[in-house]
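So in our numbering, the last one in the sequence shown is 885, and the numbering has no gaps at all.
The structure appears below as C-alpha cells.
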Amino acid sequence: MQNKSPRRCEDAQSAPSPAASIVVGSGLRSRRLHLATVAFAFVLFAIYGSWVPLNFHAIELSVAVERFESIRFLELRKISRADWVTNMLLFIPIGFFGAAVLTVDRGRLTAMVAVIPVALVSTGLSIAIEFSQFWLPGRTVSQNDIMAETLGASD
Numbered sequence: 731m732q733n734k735s736p737r738r739c740e741d742a743q744s745a746p747s748p749a750a751s752i753v754v755g756s757g758l759r760s761r762r763l764h765l766a767t768v769a770f771a772f773v774l775f776a777i778y779g780s781w782v783p784l785n786f787h788a789i790e791l792s793v794a795v796e797r798f799e800s801i802r803f804l805e806l807r808k809i810s811r812a813d814w815v816t817n818m819l820l821f822i823p824i825g826f827f828g829a830a831v832l833t834v835d836r837g838r839l840t841a842m843v844a845v846i847p848v849a850l851v852s853t854g855l856s857i858a859i860e861f862s863q864f865w866l867p868g869r870t871v872s873q874n875d876i877m878a879e880t881l882g883a884s885d
C-alpha cells in the first residue's frame, strides 16, 4: 500500500485541480480590478485638479459649445510651459494604469496595441474636462491642454 500512496500524491500534484484554475482566474480578475480602481482614482484626481476651486457658474450649453469650437492653441511662454508639463504629468498615471488593465498577463503585441484605446479614451476624457471648464470662471480652456494630456496618457 505504501507504493501506491506516493503515486497518488504525484498524480495529484501534476494535474491541476479545477479549484486551482478558478483561483488563478480570479487572481487575474482581481489584478485587473485593482489596476482599474487605481486608474479611476487618477481620473477623479485629474477632474478634481482641473475643477479647483469648484466655483461653477451657469452658462447655456449652446454658448459653451460655441466657445469650445473656437478654442485655439496658446503661445507657450514660461508659465504656460509649466502648465503643459503639469498636464502631461497629470495624465501619465491614467495612461499607465489604463494600459495595465488591458495588458496584464498578455503578450507584447497586446501591450503595443493597447496604446490606441488608451489614447482615444484619454483624449475623450481630456476634451470632456476642458469642455467642463467653461462653467468654471478663471479656468483657461485651450488645445494645448488637450494635446499635453493626450501625450501624457500615451507615453
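Even glycine gets a Cβ: it sits at the ideal position worked out from N, Cα and C.
Item	Value
CB of ALA883 within 8 Å of CB of SER862, strictly	no
Counted within 10 angstroms of its Cβ, other Cβ atoms place SER780 as buried (16 or more) or exposed	buried
Member of GLY837, ALA830, ARG762 and GLN873 whose CA lies at the smallest distance from the CA of PRO847	ALA830
Where the alpha helix (DSSP H) through SER863 begins and ends	Reading off the sequence shown, one finds Gln at residue 863, where the question assumed Ser. Careful: GLN863 lies outside any alpha helix (DSSP H) and carries neither H nor E.
Nearest-angstrom beta carbon gap, LEU850 and VAL773 [assumed within contact, 8 Å]	Wrong, their Cβ atoms sit about 15 Å apart, outside the cutoff.
Residue interval of the alpha helix (DSSP H) (run including ASP875)	873-884
Per-residue burial, GLU879 [other beta carbons within 10 Å of its own, 16 or more giving buried]	buried
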